[in-house]
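Colleague: Residue numbers (the working numbering), protein chains in the order written: chain A, 1 to 676; chain B, 1001 to 1676; chain C, 2001 to 2676. Okay, here's the structure, questions in a sec.
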Amino acid sequence: MPALPSHRRPAPFDRFWFGAPYYPEHWNAAEREADPPLMAAAGVNAVRMAEFAWDLLEPVEGRYEFGFFDEAIERLGRHGISTFLCTPTAAPPRWLTAEHPETLRMNADGVPLQHGSRQQCCHQSELFREYSRRIVRAMAEHFAGHPHVVGWQTDNEFLCHFAECHCPNCQQAFREFLRERHRTVERLNRAWGNAFWAQTYRRFDDVLTPRPHKPTWTNPAQHLDYFRFLSWGVTRFQHDQVEILRRVNPKWTIFHNGLFGHIDYRGAFARDLDVLGYDNYPFFDPDPERRPRSQAFGLDRARGWSGNFIVPEQQSGPGGQGSYFHDQPEPGEVRRMAWTSIARGADSLLLFRWRTCRFGAEIYWCGILDHDNVPRRRYEEVKRLGGELKRVGGELLGTSVHVEMAVAQCDQEVFDAHSILNLGLAGPGQVAERIHGAAFEAGYAVGCIHPADDLRGVKCYVIPHWALFHPDWVEPLRAYAAAGGVLVVGARTATHDWNNNHIAEPSPGVLRELCGVAVAEYGRQNRPDRRTLELELDGQRVATEGWYETLEPAAGTDVLARWTSRHLAGQPAIVCRSEGAGKVLYVGAYFGEALIARLLPLWARLSGLQPLWPGVPSGVSVVRRDKPGAQYWFFINGTDGERRIEKVPAGTELLTGAHAGADWILPPHEVAIVKT
Amino acid sequence: MPALPSHRRPAPFDRFWFGAPYYPEHWNAAEREADPPLMAAAGVNAVRMAEFAWDLLEPVEGRYEFGFFDEAIERLGRHGISTFLCTPTAAPPRWLTAEHPETLRMNADGVPLQHGSRQQCCHQSELFREYSRRIVRAMAEHFAGHPHVVGWQTDNEFLCHFAECHCPNCQQAFREFLRERHRTVERLNRAWGNAFWAQTYRRFDDVLTPRPHKPTWTNPAQHLDYFRFLSWGVTRFQHDQVEILRRVNPKWTIFHNGLFGHIDYRGAFARDLDVLGYDNYPFFDPDPERRPRSQAFGLDRARGWSGNFIVPEQQSGPGGQGSYFHDQPEPGEVRRMAWTSIARGADSLLLFRWRTCRFGAEIYWCGILDHDNVPRRRYEEVKRLGGELKRVGGELLGTSVHVEMAVAQCDQEVFDAHSILNLGLAGPGQVAERIHGAAFEAGYAVGCIHPADDLRGVKCYVIPHWALFHPDWVEPLRAYAAAGGVLVVGARTATHDWNNNHIAEPSPGVLRELCGVAVAEYGRQNRPDRRTLELELDGQRVATEGWYETLEPAAGTDVLARWTSRHLAGQPAIVCRSEGAGKVLYVGAYFGEALIARLLPLWARLSGLQPLWPGVPSGVSVVRRDKPGAQYWFFINGTDGERRIEKVPAGTELLTGAHAGADWILPPHEVAIVKT
Amino acid sequence: MPALPSHRRPAPFDRFWFGAPYYPEHWNAAEREADPPLMAAAGVNAVRMAEFAWDLLEPVEGRYEFGFFDEAIERLGRHGISTFLCTPTAAPPRWLTAEHPETLRMNADGVPLQHGSRQQCCHQSELFREYSRRIVRAMAEHFAGHPHVVGWQTDNEFLCHFAECHCPNCQQAFREFLRERHRTVERLNRAWGNAFWAQTYRRFDDVLTPRPHKPTWTNPAQHLDYFRFLSWGVTRFQHDQVEILRRVNPKWTIFHNGLFGHIDYRGAFARDLDVLGYDNYPFFDPDPERRPRSQAFGLDRARGWSGNFIVPEQQSGPGGQGSYFHDQPEPGEVRRMAWTSIARGADSLLLFRWRTCRFGAEIYWCGILDHDNVPRRRYEEVKRLGGELKRVGGELLGTSVHVEMAVAQCDQEVFDAHSILNLGLAGPGQVAERIHGAAFEAGYAVGCIHPADDLRGVKCYVIPHWALFHPDWVEPLRAYAAAGGVLVVGARTATHDWNNNHIAEPSPGVLRELCGVAVAEYGRQNRPDRRTLELELDGQRVATEGWYETLEPAAGTDVLARWTSRHLAGQPAIVCRSEGAGKVLYVGAYFGEALIARLLPLWARLSGLQPLWPGVPSGVSVVRRDKPGAQYWFFINGTDGERRIEKVPAGTELLTGAHAGADWILPPHEVAIVKT
């Protein structure tokens, strides 16, 4: 049974897996023969296979053919390479949908999806679930005792590209989900506020999945439950498979590769797995200079769900499809991105993909090798990385990333609730990225943590604008502050109850007492240029954007900043209350870039937050992974220029084996790991 | 029987109703108990109720439950508050559409709408019409003798959000409408020009509603008839209800709350009602400085349809849904917007809504009270307004708004005809708003009047670019000019016949004689920066945009301006002809901002137009409502700064009771009403 | 049997047809009576008729009525005007689709198109094909011996507005096409790379037309085959008609009016016709100054498909529909555009349309005459043109346009392949237009030629970025270079095989040997501003955009330019290899404006390319049409200012009859044709 998900949880691997997704079904016999030694030379010890090979594994209904993969696994095994298999259910074979078109998903207009890309089948179709269980059972039983098969990936990138489904199967399943959640239709009517617009249901069977603009705005409580249902449904679908795999071979490591929307990667979905997988493609950020920062956020968020992870797909070349194609990574970037993933929580890593495929929709998702199979600089870089990981990888297992400042993240319900009624405001994820980015640039040991997770050691914890807020989170946050932490709560937090309805009390609702404040007035700033609202903090004015609140501090709550503009002038804007050894700040404004820049020093002052390793030049990030008795300091040069670090911690630099401690030169995109 | 619609018609109220839409079904017993006294304290004398309560009134088909509203009406009545009920047909209960999905509307792709928002049923479904009549009859009969029920609103915001429907019911109804309109299919073929693209129909049963891009451009005559059908259909649906209500209790006042597209609020729809309702939300204009101007236009246009109106929903807080949320009104703005509505034609006014709902799609349509039910500044403002209306409201009944300059407006067929073939040009409504806005800023007593309406007293009347033009309007316009008016006709006017086909004569067609001109050449200006076209007026050049025409003046017609650019150089651009005591101008260009700025002084000079009350500072608007023996001068400060008016009319200022006549200071957003 | 298509092929006309599409069914008897003499006065000798008149020709199924057109043809014939008839199948009558809705096309969502615009029927419906054959047979037989009927246009603008169809007929036909193309499903599986995403088909009957986003990216090989199928299907539909017409009267000239996407106008489609028709509307380019250049490209591309052409629709006034309306042509522009069409390959020309229609979706597609039927300046211009063509037109027949520099164009498969996987890069057509435009401005005799067409006389030939590349084209290109030509191959060329899969060798694949180069690395430049890549050519640096490649020259290949930026510094960017008497250049970058400006002089230097007639001022273009014994030099002033040409060729200027040779003044939009 895997440990409970937490951002601190290490992955349950006994070795650092390094390699690539591999699709032998795309290659001819000569290529398949030549690949394993070339992999082994690059330090590869694992591949992922059979991800989209259902057509090969079960070419005709009920006839299973495993010989091709038996051979491939065996051939790789001979070169010391283990295999993670995939349940191939993301790409159902044509015979399945040809015979059973009722298994196809349906968009909001009722148009069925079709064979010709992938992920066309509905997870709520009982029939498709049955086919899924059959192929998984057959594969599991066949590969049960295979010494080179070490684990499984479930399906592929659940809810990527297309999350919703409105097919008849989903109508039934949605009602099943609602019955389970609300028990009686009367409770559902109350929970959803169906008195509004005469939406009262007589019975669960009358409920439909919500479809936007049919003809107008949908019920936000219904819509949030629908998004919860998506998570519930995909979790149930995955559980079918996990149950079979665990029964057949309890030693297998099972993960899924994500992370996409509408799935609760902290809840039942993650608890069913040994470890989460995070497909990391930093080049979706088109700005090369911003990529180190955005990659760091992506990784910290990934870790925030349930701890260290495997990267089943790490960008190893440009990716592209249809109308986009990433930049080609410059020399050093692929390796730097991989090390960045490891520094921030990857306990195993596969570079997507071994070789670029010559056909299909992903011709331009480039792998380690190009279409022409000539090993070039990307291969050489991977080879260097493979060599390094042979020496260093295992040692990192069992460590956690050290975090001193965190931003609240990793709650799908909170994000979904915002998306339904976003009022044109940046979402809590976007705002968290702004705050994370500012802390990242400042050199703090920043991370993403869910409010219900373990906050020990965190000096400053920021909850951006979580309208949806669960009452159970209040006491842990109080305890966090009481123990000396600085808790920062942003405007609009806790304004919605868990059904996504508005609370009946002044905001911040359940956090009112802890924050020592009540919101008196709030407003959207649609044209902040026309009616600018400034607040004064530490004698300096800062313009705000998006949202303002005027605050009524309770007795004992201090006012840190006041509004200075228009009719708000003189009203409290930011307040602070002591809770035990710590402090609770409430910020009655939206976190825009300018405001964050002004608040970050304040938070640091109040919490004693310091850069993780002071004196590091701009462009170099520092991360630390700890385990009892050892600390691993990663210094990563995210720039294309050389950087000099005046002094690094005294210890051994693991990649070079050199003794570190004094000045250290980092060439472009270079990494150093000092063990202390 | 109500008086015929005209912009001058006062509403048939015997008292000024003031209050709010109220949804007791959203609140618990304690809240429902506490509301009436709080309302009464704010001067409320009316609420609107049961707008979306069909599920409560008829929870099971045929079982009516009126007790809840009996109680609510009674409780309010005890505090002197009357009730306007609503026919609740905008939100059909789930049992209706679950049993009868064939009543659902269908979009242009044939996708049925669904339960989960509102307005999902088709007005042309005979079955839905029958259900509508049943619930209305049941309610009408139950509340027939109730002393506190003073009137009704039909449905809610017809054709808001989604106007079209292409369901099978609509196919049938469209043919019924066409039969009624064209009598024979041969006449329909001719009227629609079906010789083009072989569109000839054999029989009415072959005609379909036009759906864009299926696969390409639709027939503009067919499309205009389809839009006319939408108006016809909704009018018929409403008539079902009005007929029942009038039969049960002829004393009830009946209105509808609009105003949305594709409905002819001058024709049968309005004649069925006692008075139109106009839901006024000025904050849809995101620019706070432009809002006084855009609100004024909205109100003048509303009044232009059929005279003074009730505002069943006046913005009392920010409104929002999905991805937008208005600004929070600043102190004084809610009251100022309400007084502006009254100054420009509201004879009763309800502030939307009593309290902000905590669930449903309109959580962020804020009411007088916030979610937490704490009376704050918006309540205080409303209370002040309520007190003022108790003193002043009744006196304003029976007055009309005084207009000296008007722009043609309020013809749905003209607007729909333009929308089908707009050629990328601003619509007649948009252009009218430009002209209205310029006149508003200049302080003229500006309004919106339909060409077939009463133009007495109007000094200058502008028809922007009404391609569709009815021949019956020519004689009244001639008479208007003959009596001394200045008539201005814009380019492209009268180029389409009433079927939306192009005329066979030189334009302006039926207006050619009256304007004394024929258009020789016209052209679209797609890149006015590349080939700028200027005309010279009074010795000064002005650049035009959008559209040009070269004119051939008839004998006796003067040339006021000539083109000076490119191949047009020397050609007449603006001409003027005398008709009796007045003048008719034809402007061979599109009314862009720059051209309007140059034309307005010319029009004023020719017509003797003066600001309604000269010497008023910028940002203050003046409106006058008149009745025999009394004039009410409204001075409204639309700015957030103090404004000094050098001199106001001598009389009593009604809000303060002070004697007016000399200087008057208007604080930000303040209003003064001088009776003379 | 018509000659094989080639850019050099003259049209098979024995006289220069000049006139207009004419729709007598839109006009009353008096108008129909008055039209022929007015046409004759303008020099008209041909009209096109019956294009959308199926409803008139077969008002009831099986009842044919030809009298109306008999009369019209006869009336025109009496004034010396011949008629091209149209098969009226682009606008099926209502009785057809009312009785047989299964003939309607279907969009990607499965929504059927409908009666009410045009082109609503599916070309793959066997039933619709049968109806099409019946009406064509009936018309052909009726008009078989008519002396004034000289030829036919098939249908109208195939695949305009809406190209795809996904109806059940198309599913069947697509499978038929695939069976014909791939023979066995195993071969199809290999050709499409169906091993990717488990897309393997068991049988042809399981294949579907590809629909985007159902739910995600489609297979690029399947998609290309689908686009090929569109061409195949429309060609088959047209062939049904051509076969009938040729059998009935082999002397008729048959053309189609295009040119729209997804049709191979070089292949079977064109070979079935005597000549292609190209509908030329230069005013779709909104920039008046760029129009001469963009019109020239459109015409050269049109000629590139299969030689000289007829223009069945030449813009004679502004065109518009729905939300757009072209500029009004200024005096001289209509005639200049017509002469430009003739200079660049039109062997006959009809001005769209005789008179502007007053009803239907194209009210604003203006013709020679306005809605009011008053002959104005556009008529006068056409009349002048008609007079000139009477003298000059016939003489131009049999000539070809002289080309010295050409850009590869006119391969629908290449363009479709790019569109499916465009990676956000400008398509080969767009890039060709850039190169063509630069050569046009430089005064070169530029044209568009397919690589498999006749390249004799061409000094420099550029293949922009043709990822899809057929191996059969290599040898002709080698021979072209060997004979002294300069061949320029752009980046990405020949990277896809004919199935649209990626090649397995280094690029440029089949061109590698001819170019003497292999591409080592490539990359997309998404933010060229952030990481600018420059190359150095002739000692000067030029910034590139879009795409870069580093090149490995083979022995004997020279490096002309090297990269100077970032990690590419020093790598070859442009190489050159001698092949016989000529040269082959490979350019490892995308052709952006800046790079083209730098390359054009290099290409000219290497190939000896000179302006066709040196010393011509900016804004004047020169074209030459040749036949044995005569050369016709067209000088066209594309500007609105007067232009002086220092010296023209010695000969007769045909429009004035003057002796030319010395200075020549071209007034705005004026044309001179010197015969030498």
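Note that beta-carbon positions come from the ideal geometry of N, C-alpha and C, so glycine has one too.
#1: Could you compute how far the alpha carbon of residue 1379/B sits from the alpha carbon of residue 1369/B?
#2: What's the C-alpha gap between residue 2630/C and residue 2660/C?
#3: Let me make sure I understand the geometry here. Which of 1406/B, 1079/B and 1172/B has the alpha-carbon closest to that of residue 1609/B?
#4: Would you say residue 327/A reaches chain C, if we count a Cβ-Cβ gap shorter than 7 Å as a contact?
#5: For residue 325/A, name the three-state secondary structure that DSSP assigns.
#6: Run through chain A and tell me which residues come within less than 8 Å of residue 2200/C, C-beta to C-beta.
#7: Can you round the beta-carbon distance between residue 2458/C and residue 2585/C to whole angstroms, since I take them to be within the 8 Å contact cut?
#8: So, for residue 2416/C: in the same chain, excluding its five sequence neighbours on each side, which residues have a beta-carbon less than 7 Å away from its beta-carbon?
#9: Quick one: which residues of the stretch 354-366 of chain A get their C-beta closer than 9 Å to a C-beta of chain C? List them in chain order.
#10: So residue 534/A is in the beta strand (DSSP E); what residue range does that whole segment cover?
#11: Could you please tell me which residues of the stretch 306-340 of chain A, in chain order, have their CB closer than 8 Å to any CB of chain C?
#12: Starting from residue 2182/C, follow the alpha helix (DSSP H) in both directions and report where the run begins and ends.
#13: Run down chain C in chain order and give the residues with a C-beta less than 7 Å from the C-beta of residue 118/A.
#14: Give the C-beta separation of residue 1353/B and residue 1021/B to the nearest angstrom, bearing in mind that I take them to be a contact with Cβ-Cβ under 8 Å.
#15: When the cut-off is 7 Å and only beta carbons count, does residue 1567/B lie next to chain A?
#16: Count the other C-beta atoms from every protein chain shown that fall within 10 angstroms of the C-beta of residue 1161/B, then say buried if there are 16 or more, exposed otherwise.
#17: Listed from N- to C-terminal order along the chain, which residues in the stretch 14-30 of chain A have their beta-carbon within a distance smaller than 7 Å of any beta-carbon of chain C?
#18: The ligand FAD and residue 553/A: does any heavy atom of the ligand fall closer than 6 Å to the residue's C-beta?
#19: Does residue 1523/B come within less than 7 Å of chain C when only Cβ atoms are used?
#20: Hey, out of 1194/B, 1248/B and 1063/B, whose CA is closest to residue 2361/C's CA?
#21: Who are the neighbours of residue 2286/C on chain B, taking C-beta pairs under 8 Å?
#22: Quick one: which chain B residues come within Cβ less than 7 Å of residue 531/A?
#23: Please report whether the beta-carbon of residue 1471/B lies at a distance below 7 Å from any beta-carbon of chain C.
#24: Return the CA-CA distance between residue 411/A and residue 264/A, expressed in angstroms with no decimal places.
#25: Could you check what DSSP says for residue 2670/C in three-state terms: helix, strand or coil?
#26: What are the boundary residues of the alpha helix (DSSP H) that includes residue 1300/B?
#27: Between the alpha carbons of residue 2391/C and residue 2342/C, how many angstroms are there, rounded?
#28: Return the CA-CA distance between residue 2152/C and residue 2086/C, expressed in angstroms with no decimal places.
Modeller: Judging by the given coordinates:
#1: Position 379 of the second sequence holds residue 1379/B. Position 369 of the second sequence holds residue 1369/B. Rounded to whole angstroms, residue 1379/B to residue 1369/B spans 6 Å at the Cα level.
#2: As a position in the third sequence, residue 2630/C is number 630, starting the count at 1. As a position in the third sequence, residue 2660/C is number 660, starting the count at 1. Roughly 15 Å between the two C-alpha positions.
#3: Taking the second sequence and counting its residues from 1, the one referred to as residue 1609/B is at position 609. Comparing Cα-Cα distances from residue 1609/B to each of 1406/B, 1079/B and 1172/B, the minimum goes to 1406/B.
#4: On the first sequence, position 327 is the one that residue 327/A refers to. Output row for residue 327/A: interface = yes.
#5: Along the first sequence, one-based indexing puts residue 325/A at 325. Residue 325/A falls in the strand class under three-state DSSP.
#6: Translated into the one-based positions of the third sequence, residue 2200/C becomes position 200. Simply 55, 56, 59, 93 and 94.
#7: Counting from one through the third sequence, the residue named residue 2458/C turns up at place 458. Counting from one through the third sequence, the residue named residue 2585/C turns up at place 585. Contact doesn't hold; Cβ gap of about 15 Å is too wide.
#8: In the third sequence, counting from the first residue as 1, residue 2416/C sits at position 416. Closer than 7 Å at the Cβ level, and outside the excluded window around residue 2416/C, lie 2224, 2227 and 2262.
#9: 356, 357, 358, 359, 360, 361, 362, 363 and 364
#10: Locating residue 534/A in the first sequence gives position 534, where the first residue counts as 1. First-last of the beta strand (DSSP E) with residue 534/A: 534-537.
#11: 318, 320, 321, 322, 323, 324, 325, 326, 327, 328, 330 and 331
#12: Locating residue 2182/C in the third sequence gives position 182, counting from the first residue. Start and end: 2168-2182.
#13: Counted from its first residue, the first sequence places residue 118/A at position 118. Here the neighbours are 2197 and 2216.
#14: By one-based count along the second sequence, residue 1353/B stands at place 353. By one-based count along the second sequence, residue 1021/B stands at place 21. Between residue 1021/B and residue 1353/B the Cβ distance is about 5 Å, and since that is below 8 Å, they are a contact.
#15: Working through the second sequence from its first residue, we reach residue 1567/B at position 567. So, not an interface residue.
#16: Here residue 1161/B refers to the residue found at position 161 of the second sequence. Under this definition residue 1161/B is an exposed residue.
#17: 25 and 26
#18: With respect to small molecules bound, the structure shown includes none, and the ligand FAD cannot be examined in it.
#19: For this step, residue 1523/B is matched to residue 523 along the second sequence. Cβ-Cβ to chain C under 7 Å: yes for residue 1523/B.
#20: Taking the third sequence and counting its residues from 1, one reaches residue 2361/C at position 361. Checked all of 1194/B, 1248/B and 1063/B; the closest Cα to residue 2361/C is 1194/B.
#21: In the third sequence, the residue the question calls residue 2286/C occupies position 286. Near residue 2286/C (Cβ distances below 8 Å), the residues of chain B are 1526 and 1527.
#22: Taking the first residue of the first sequence as position 1, residue 531/A is located at position 531. Correct list: 1288.
#23: Sequence index remark: in the second sequence, residue 1471/B carries index 471 (1-based). So no, residue 1471/B is outside the interface.
#24: Translated into the one-based positions of the first sequence, residue 411/A becomes position 411. Translated into the one-based positions of the first sequence, residue 264/A becomes position 264. Taking the Cα positions, residue 411/A is about 7 Å away from residue 264/A.
#25: Residue 2670/C sits at position 670 when you count from the first residue of the third sequence. Collapsing the DSSP output to three states places residue 2670/C in coil.
#26: Residue numbering aside, residue 1300/B sits at position 300 when the second sequence is read from its first letter. Note, residue 1300/B: alpha helix (DSSP H), 1291-1306.
#27: Here residue 2391/C refers to the residue found at position 391 of the third sequence. Here residue 2342/C refers to the residue found at position 342 of the third sequence. Those two C-alpha atoms are separated by around 14 Å.
#28: By one-based count along the third sequence, residue 2152/C stands at place 152. By one-based count along the third sequence, residue 2086/C stands at place 86. Their backbone Cα atoms lie some 5 Å apart in a straight line.
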